[in-house]
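Peer 1: Residue numbers (the numbering used here), protein chains in the order written: chain A, 1 to 358; chain B, 1001 to 1358. Glycine residues also receive a C-beta, built at the ideal position from the N, C-alpha and C atoms. One structure coming up, written as structure tokens, with questions to follow.
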């Protein structure tokens, strides 16, 4: 089999070793006579996998003792609702810094729960707002940021200083670089970009935020419910957790988040250099200082050329390059599991395509 | 590899052919150069799997055009909350018939959302209430029943006639027998018993119940949101849906729910006969008329013997027989994917164990 170069925005590339291990073990897990899919979530075999997964997240993110790690379901979208349900008391308001279409959705969902204000937004999402462009309210229940804009291709390279607790959607850059977890009241991420399978959401939450959470909401949607039961309050998505474990083992063996950050920097340096080398043909809509190390977005001179580029790239074995339906253009997602060689192949294709079309 | 006899209550046995197909295709799905886990949920390859899964559920359950099928996350527990959030308007109350520890949880969660009444309950859950024992309110927002008690080992063999819309948790017996879907406003089930992997919830809901749903709740928790987007509002648990499809294909090839009902009847007839044949040693706590065709619960003369039975059965290659931690005893879950031969092995073991211990 020839593996394609996978630039999907999520679900996305998974390290081959993680898949190979899953394939080897799929019919029988560790000599137990059944698949990991058939094991009870209350049995020893799965509990060991569950604990290892939680432990690897804690280790790789250097989660301090002040914080808990939860494995939930429903993706970032469920968190868009659960965060205000838990952390936004009546009479208070939450601050949202909008840097991406997904921040917009988080903000809109918050307004279905309680009061929310826009604390910063650059029209067109061409860059992350500067500190002096934010209007943060010290009395906000929390400040919500989107650490990496999967659609806009922007990334916070330094997080803002906030008086209110800081909450971050890290769906598209979790575990891609070192982050000081202590700065955050809550970090959340759908797993389908840097952790592997869709269907699990990682939530890293300060223990005092759990304790202060609202109790006038359904029990299932309280963080305290899941924290108390080590994310085994109800049946978890066992195979997804198992596969995430395989991916996290790989990440650990590769040197952890510091090594990933270096690799991701090199991959995206290469791509941005290829874009900037032909400013008459490729155009990056994001300011240099705000460029993402995960989702590299660019445009060609016309929409027709955008489409032709993606179609020909696909024929050449590079998939997932079409920009999100809401924004168009081209997007190369270069998550942890995307090899450097895939980016090299894309850069060679870009040079070739520009020469032929230009 | 020798497959164990798997009597787990969920996650539970999965048809071997469904696992074998997943194993064969795990690194490369249908010649696409990547795993199904790495495909975008917006791409053609996954969309085909998604549509086939929805289509198979519709076909196998004979879902009428008045109803929609949704694939959600969060298991039955998320439904315990979402049902009243969507279907219980202010000023109304919901009726809950309690026949299992899981009905209790559904009822308790409803009270976190709005008003709920117990419309029927037999102390000890030794049987399903008779029609004349129910106190149903014609003005209830809905009547909630648990079609099969995974803990209690009871099952509704005929559903009650209700003036209010009927809602059923079918987590542990969905697709195990023919059901007249038209009778129900909403049917829901976690997939980890009869459909395969944990991490997906099937919701079959009447279209007018979707339309009448409350809109003063978070958008993500509205049934209308997911119905409108064919359960692709946000990233679904793609691998779980793929594996469910494999299981549903097997179910279809085996003859569908009518064939399953017949097989399940034969398996449980065998087990109940083995229990009833030694009334001085094995005791079924459930009345004959209410006995489950999915979860066969029984007890031995002492708790010590219950434990010894489960431990020795495990040594003999029969796993998952320990009763739920909340009720104790022995429980054999005989879902669709549990072969007749596994039940025969258990029955032989029961005879042998009783003879040696008795």
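(1) Give the DSSP-derived three-state secondary structure of residue 1225/B in the structure shown.
(2) Pick out the complete beta strand (DSSP E) segments inside the region 57-130 of chain A, 3 residues or longer, and give them in chain order.
(3) Evaluate residue 325/A with the Cβ neighbour count: other Cβ atoms within 10 Å of its Cβ, from every protein chain shown; 16 or more gives buried, anything less gives exposed.
(4) Evaluate residue 1303/B with the Cβ neighbour count: other Cβ atoms within 10 Å of its Cβ, from every protein chain shown; 16 or more gives buried, anything less gives exposed.
(5) Let's see if you can read the secondary structure: which residues bound the alpha helix (DSSP H) around residue 1017/B?
(6) Give a yes or no on whether the minimum CB-CB distance between residue 299/A and chain E is below 8 angstroms.
(7) Look at residue 1237/B and residue 333/A and say whether their C-beta atoms are less than 8 angstroms apart.
(8) Can you check which of these residues, 322/A, 344/A, 347/A, is closest to residue 8/A by C-alpha distance?
(9) Taking residue 70/A as the query, report the chain B residues whose CB atoms sit under 8 angstroms from its CB, ordered along the chain.
(10) Quick one: which residues of the region 236-267 of chain A get their C-beta closer than 8 angstroms to a C-beta of chain B? List them in chain order.
(11) Give me the residue from 1169/B, 1178/B, 1154/B, 1206/B with the minimum Cα distance to residue 1379/B.
(12) Which chain B residues sit within Cβ distance under 8 angstroms of residue 428/A?
(13) When you compare the CB of residue 1213/B with every CB in chain A, is at least one pair closer than 8 angstroms?
(14) With three or more beta-carbon pairs closer than 8 angstroms as the criterion, would you say the region 195-211 of chain A touches the region 56-72 of chain A?
(15) Which class does residue 1169/B belong to by DSSP, given the choice of helix, strand or coil?
(16) Closer than 6 angstroms by C-beta to residue 1036/B: which residues in its own chain qualify, once you throw out the five before and the five after it? Chain order, please.
(17) Could you check whether residue 1274/B and residue 1350/B sit closer than 8 angstroms to each other, using their CB atoms as the reference points?
(18) Any residues in the region 1090-1122 of chain B with a beta carbon nearer than 8 angstroms to a beta carbon of chain A? Which ones, in chain order?
(19) Name the chain B residues whose beta carbon is nearer than 7 angstroms to that of residue 192/A?
(20) What residues in the region 12-23 of chain A have a beta carbon less than 9 angstroms from any beta carbon of chain B?
(21) Does the distance from the CB of residue 1137/B to the CB of residue 1180/B come in under 8 angstroms?
(22) Just checking, does the region 1065-1085 of chain B make contact with the region 1094-1108 of chain B on the three C-beta pairs under 8 angstroms criterion?
(23) If you count every other CB in all the chains shown that lies within 10 Å of the CB of residue 216/A, and 16 or more means buried, which is it?
(24) Quick one: which unbroken alpha helix (DSSP H) runs of 4-plus residues sit fully inside the region 253-331 of chain A? Chain order, please.
(25) Between which two residues does the beta strand (DSSP E) holding residue 206/A run?
(26) Based on the DSSP secondary-structure assignment, which residues constitute the bridge partners of residue 1148/B?
(27) Assuming the contact rule is C-beta atoms closer than 8 angstroms, residue 1010/B and residue 1172/B should be a hit. Round their C-beta distance to whole Å, please.
(28) Pick out whichever of 251/A, 214/A, 116/A, 161/A has its Cα sitting closest to the Cα of residue 183/A.
(29) By Cβ distance below 7 angstroms, which residues in the same chain neighbour residue 219/A in space, the five residues on each side in sequence not counted?
(30) Any beta-carbon of chain B closer than 8 angstroms to the one on residue 2/A?
(31) Work out the CA separation of residue 1279/B and residue 1285/B for me, nearest whole Å.
(32) Determine the direct distance from the alpha carbon of residue 100/A to that of residue 56/A, and round the result to whole angstroms.
(33) Taking 8 angstroms as the CB-CB cut-off, is residue 34/A touching chain B?
Peer 2: Inspection of the coordinates gives the following:
(1) helix
(2) 67-72, 93-98, 115-121
(3) exposed
(4) exposed
(5) 1016-1025
(6) No chain E appears in the structure shown, which is made up of the protein chains A and B.
(7) no
(8) 322/A
(9) Ordered by position in chain B, no residue passes the 8 angstroms Cβ test against residue 70/A, which lies about 13 angstroms from the chain.
(10) 236, 237, 238, 239, 240, 243
(11) The structure shown does not extend to residue 1379/B, since chain B spans only 1001 to 1358, so no value can be given for it.
(12) The structure shown does not extend to residue 428/A, since chain A is modelled only from 1 through 358, so no value can be given for it.
(13) no
(14) yes
(15) strand
(16) 1029, 1242
(17) yes
(18) 1108, 1109, 1112, 1113
(19) 1235
(20) 12, 13, 14, 16, 19, 20, 22, 23
(21) no
(22) yes
(23) exposed
(24) 256-276, 303-315
(25) 201-206
(26) 1155/B
(27) 7 angstroms
(28) 161/A
(29) 225
(30) yes
(31) 11 angstroms
(32) 29 angstroms
(33) yes
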